[in-house]
Every structure is written in C-alpha cells, then in structure tokens.
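Q:
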Amino acid sequence: MEKENSTGSSSAMLSKSGDPDQDEKLLQPYTYISQVPGKQIRTKLAYAFNCWLNIPEEKLVAIGDIIQMLHNSSLLIDDIEDNSILRRGIPVAHSIYGIASTINAANYVLAIALEKVQALGHPEA
7 MEKENSTGSS
17 SAMLSKSGDP
27 DQDEKLLQPY
37 TYISQVPGKQ
47 IRTKLAYAFN
57 CWLNIPEEKL
67 VAIGDIIQML
77 HNSSLLIDDI
87 EDNSILRRGI
97 PVAHSIYGIA
107 STINAANYVL
117 AIALEKVQAL
127 GHPEA
C-alpha cells in the first residue's frame with residue numbers, strides 16, 4: 007500500500023517485516039484518518055527549522071512523514087479518549103473500525119515510525 011506523504015511524494019506505510027495484506031487491514035483506521043489531511047503545521051515547522059539545520063532533502067521528507075505518522079496516530083487515540091464524533095469533518099475512525107482496531111492501528115503506526123527513525127541512521131539524534 008502506498009500513501010502520498012506530506013510533500014507529495016510516495017512512501018510505503020508498511021512495516022519492513024510485515025505482510026502487506028495484514029498491514030493494510032491493520033492500518034485501515036490510520037489510512038482512513040489520513041485521507042483527510044490536516045493543516046500539517048508540525049511538518050511545516052520541520053521545514054522551517056531546516057533553514058538553520060540544513061538536513062538533506064530525502065531525510066527531511068522522511069522526518070516530515072514520521073511527524074505526520076506520529077500526529078495522526080495520536081489523533082486516533084485522542085478521539086477515543088475524548089469520545090469524539092467527528093475528526094476533520096468525517097466520522098472518527100473508532101466509530102467505523104471499533105476501538106480495539108483503532109488502538110491497534112495507532113500503536114502499529116508508532117512501531118513503523120520508530121523503524122523509519124532508525125532507518126535515518128543517526129542514533130545520536
């Protein structure tokens with residue numbers, strides 16, 4: 007499953023060790039909330055800070071993707087905690103996929119984000 011990232015390029019959303027069919031099913035709540043993009047303020051801030059940090063473009067894109075993954079994952083959990091009805095103008099993911107599947111998706115995205123952070127190759131960061 008390919009997902010367009012915050013900068014318009016395509017990046018795999020799957021775990022390196024996962025079965026694509028299982029990953030796609032597990033990630034349905036995350037994919038659902040990601041279909042309606044937010045303002046992407048956090049990603050824009052990362053790009054703004056890059057004026058000083060001078061991070062190579064491919065790593066900056068990866069960082070932007072990771073930021074979006076972490077943010078959207080936190081929104082899935084937040085909507086459950088707040089018993090929300092709508093997120094970004096659409097029904098919340100847990101009202102469609104259930105609380106258990108939504109929590110599993112959010113946690114799985116956190117694990118995938120960690121894999122992507124490790125792939126950046128900067129353990130000191």
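FYI, in the working numbering the residues of the sequence shown are 7 to 131.
Note that beta-carbon positions come from the ideal geometry of N, C-alpha and C, so glycine has one too.
Per DSSP, R93 is paired with what?
A: DSSP, once it has assigned bridges, lists I96 as partnering R93.
Q: Output needed for I83: all residues of its chain with C-beta closer than 6 Å, excluding positions within five of it in sequence on either side, in chain order.
A: The answer, listed in chain order, is A112.
Q: Quick one, are the C-beta atoms of I73 and R48 less than 8 Å apart?
A: Contact flag set, yes.
Q: Could you give the distance in angstroms between the alpha-carbon of A25 and the alpha-carbon of K45?
A: For clarity, residue 25 is Asp in the given sequence; the question names Ala instead. Roughly 31 Å between the two C-alpha positions.
Q: According to DSSP, is P129 part of a helix, a strand, or is it coil?
A: Coil at P129, not helix or strand.
Q: Let's test the definition: count the other Cβ atoms within 10 Å of the Cβ of H128 and tell me whether it reaches 16, buried, or not, exposed.
A: Its Cβ having fewer than 16 others within 10 Å, H128 is exposed.
Q: With 16 other CB atoms within 10 Å as the buried threshold, where does V42 fall?
A: Per the 10 Å Cβ criterion, exposed.
Q: With distances taken Cα to Cα, identify the nearest neighbour of V67 among L81, P97, L51 and E87.
A: Nearest of L81, P97, L51 and E87 to V67, Cα basis: L51.
Q: Run through DSSP, which three-state label would Q124 get?
A: It is helical.
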